[in-house]
Amino acid sequence: MNDRYQLNKELAQMLKGGVIMDVTTPEQAKIAEAAGACAVMALERIPADIRAAGGVSRMSDPAMIKGIQEAVSIPVMAKCRIGHFAEAQILEAIEIDYIDESEVLSPADDVYHIDKTKFRVPFVCGAKDLGEALRRIAEGAAMIRTKGEPGTGDVVQAVRHMRKMQSEIARLTSMREDELYEAAKQLQVPYDLVQYVHENGKLPVVNFAAGGVATPADAALMMQLGAEGVFVGSGIFRSGDPAKRAAAIVKAVTNYNDPSVLAEVSASLGEAMVGINAQEIALLMAERGK
Amino acid sequence: MVGILAVQGAFAEHAQMLDRLGAAYTCIRQKRDLVGIERLILPGGESTTQRRLLCDLGLLVPIREMIASGMPVMGTCAGLILLADEVADEERCLGGLPVRVRRNAYGRQLGSFSVVGEIGSINDYPMRFIRAPYVETVLQPDVQVLNITDGRITAVQYKHILGLAFHPELTEDDRLHQYFLSFSA
Numbered sequence: 001m002n003d004r005y006q007l008n009k010e011l012a013q014m015l016k017g018g019v020i021m022d023v024t025t026p027e028q029a030k031i032a033e034a035a036g037a038c039a040v041m042a043l044e045r046i047p048a049d050i051r052a053a054g055g056v057s058r059m060s061d062p063a064m065i066k067g068i069q070e071a072v073s074i075p076v077m078a079k080c081r082i083g084h085f086a087e088a089q090i091l092e093a094i095e096i097d098y099i100d101e102s103e104v105l106s107p108a109d110d111v112y113h114i115d116k117t118k119f120r121v122p123f124v125c126g127a128k129d130l131g132e133a134l135r136r137i138a139e140g141a142a143m144i145r146t147k148g149e150p151g152t153g154d155v156v157q158a159v160r161h162m163r164k165m166q167s168e169i170a171r172l173t174s175m176r177e178d179e180l181y182e183a184a185k186q187l188q189v190p191y192d193l194v195q196y197v198h199e200n201g202k203l204p205v206v207n208f209a210a211g212g213v214a215t216p217a218d219a220a221l222m223m224q225l226g227a228e229g230v231f232v233g234s235g236i237f238r239s240g241d242p243a244k245r246a247a248a249i250v251k252a253v254t255n256y257n258d259p260s261v262l263a264e265v266s267a268s269l270g271e272a273m274v275g276i277n278a279q280e281i282a283l284l285m286a287e288r289g290k
Numbered sequence: 001m002v003g004i005l006a007v008q009g010a011f012a013e014h015a016q017m018l019d020r021l022g023a024a025y026t027c028i029r030q031k032r033d034l035v036g037i038e039r040l041i042l043p044g045g046e047s048t049t050q051r052r053l054l055c056d057l058g059l060l061v062p063i064r065e066m067i068a069s070g071m072p073v074m075g076t077c078a079g080l081i082l083l084a085d086e087v088a089d090e091e092r093c094l095g096g097l098p099v100r101v102r103r104n105a106y107g108r109q110l111g112s113f114s115v116v117g118e119i120g121s122i123n124d125y126p127m128r129f130i131r132a133p134y135v136e137t138v139l140q141p142d143v144q145v146l147n148i149t150d151g152r153i154t155a156v157q158y159k160h161i162l163g164l165a166f167h168p169e170l171t172e173d174d175r176l177h178q179y180f181l182s183f184s185a
């Protein structure tokens, strides 16, 4: 296997048990780092505002991303549109630590995702189920996250995607070896990835939860459902006391199995983001890019 | 019993390695998990995250005391940063290892690399450097330098403390873990 891809998967392993936070300014990035974020996602508008503003949503200004890279010492990620390999080339040129080929931005290509094997920087991609996850990995993704429903503050879809993925993994694990060929056909993915999941009972890359995580309890729920870490988008800087909420979610991810710690960190956090119920919205971003 | 600091990062990979070697271990997420620990592994991950959690969870002072009392410790990557007595441009965290380290010393992810080299008397050891630190200077003469790669110190030992800039937990090679388990507790 290509060593660069291996090193990129290994960076995701170092992020495990951590929280990756969306930030829009160097000041927010510093707050996130001080609160214990293991990485930040630099973007011009948080998903809640992208959803509210509507219109075409694109890669952030490289100058803005560089400002955040200079402000913090933790890894900095940034989003490009699905299929927009030129945006990805620009992000690689500014030495971003991870590119999120993200359904939160407007898709640039309604057929093809980026051929991520052509890049030296790592990619994280969203997936609603095992088939999507393995297709993205076949294209070169070094990390996977659930799609959730960004900007809503409603965790229901992240839960649905994580449960679906875990149950499909369990199903592959319990199959006879001669059934794996048909499984690969049904999932529309390469056979060797199906075989890996069958033998190891997990994805070949790190798998985080993303979309709608707004409270320490949401984060703990996703970890107990099998996430290896959590992305928090609008949930932090859309709340009453971002620094406190951010630190609380970080602690909740570490001690996701200890209700007494969760109770302690959940107390007196101020107002959570208001949120929108996922079934009340017309535009499902998770349906972008399968 | 080996304690693996499990507040954030690649602790599961160290646990897998100890499983293979048949060494008993426990994961440390809170103060009460420190009971009965005879040696300690500080894994890779984000050192700023781990530092914040060590403070918030009340682990910093007890672990610092355990290290001072002579408990064997192995720190890998972020773990090396936590152990260093001096960190360039930052406050020290646990301390105990008289070296000065620099974080992200090879730059961003595009600067991550792997090489094969010698760690003390261990030959052909695969070293994985992920946004790695290195040791800028050794602050006491009795710190043993175990590896120099491209002119940079990447592995040191001081008495019962092993500090590595790379990730033995990401390899299939368990010789460094075996070496660490041979330290008398």
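Just so you know, the sequences run in chain order A and B.
Here the first sequence stands for residues 1 to 290, where the numbers follow the numbering used here.
Here the second sequence stands for residues 1 to 185, where the numbers follow the numbering used here.
Glycine is no exception: its CB is placed at the ideal position from the N, C-alpha and C atoms.
Remember, it's a predicted structure, so these values are computed and weren't measured experimentally.
- Distance from L221 of chain A to V159 of chain A at the Cβ level is roughly 7 Å; contact confirmed, criterion being Cβ atoms closer than 8 Å.
- Annotation: Cβ neighbours of L53 of chain B in chain A (cutoff 9 Å, chain order): G36, V250, K251 and T254.
- Within chain B, the residues R108, Q109 and L110 have their CB atoms less than 9 Å from the CB of V121 of chain A, given in chain order.
- For the 8 Å CB-CB criterion, I90 of chain A and E101 of chain A do not form a contact.
- According to DSSP, G75 of chain B shares a beta bridge with B:L42 and B:G163.
- Beta-bridge annotation (DSSP): D22 of chain A is paired with A:M41.
- Between the C-alpha atoms of G275 of chain A and A141 of chain A there is a straight-line separation of about 30 Å.
- The alpha-carbon separation between A210 of chain A and C125 of chain A amounts to approximately 11 Å.
- Its chain contains P133 and Y134 as the residues whose beta carbon lies nearer than 6 Å to that of A105 of chain B, once the 5 sequence neighbours on both sides are disregarded; these appear in chain order.
- Between the region 1 to 8 of chain B and the region 26 to 45 of chain B, the count of Cβ pairs shorter than 8 Å is three or higher; the stretches touch.
- Non-local beta-carbon contacts of E70 of chain A in its own chain, meaning distances under 8 Å to residues more than five positions away in sequence, involve P26 in chain order.
- The beta carbons of R238 of chain A and I46 of chain A sit about 7 Å from each other, so the pair counts as a contact at 8 Å.
- Pairing V72 of chain A with V121 of chain A gives a Cβ-Cβ distance that is not under 8 Å.
- Under the Cβ criterion of 8 Å, P75 of chain A is counted among the residues facing chain B.
- DSSP places K290 of chain A in the coil class of the three-state scheme, outside both helix and strand.
- For I144 of chain A, the uninterrupted beta strand (DSSP E) run begins and ends at M143 to T146, by DSSP.
- Of B:V145, B:R20, B:L34 and B:R52, the smallest CA-CA separation from E118 of chain B is found for B:V145.
- Using beta-carbon distances, D56 of chain B counts as an interface residue toward chain A, with a partner under 8 Å.
- Between the region 177 to 192 of chain A and the region 134 to 152 of chain A, the count of Cβ pairs shorter than 8 Å is three or higher; the stretches touch.
- Non-local C-beta neighbours of S114 of chain B in its own chain, meaning closer than 6 Å and more than five positions away in sequence, comprise R128, ordered along the chain.
- Using a CB distance cut-off of 8 Å, E199 of chain A does not count as an interface residue toward chain B.
- V87 of chain B has a beta carbon lying at 8 Å or more from every beta carbon in chain A.
- Chain order gives no chain A residues near T154 of chain B, where near means a beta carbon separation below 9 Å; the closest approach is about 16 Å.
- Within chain A, S73 have C-beta atoms less than 7 Å from the C-beta of R103 of chain B, given in sequence order.
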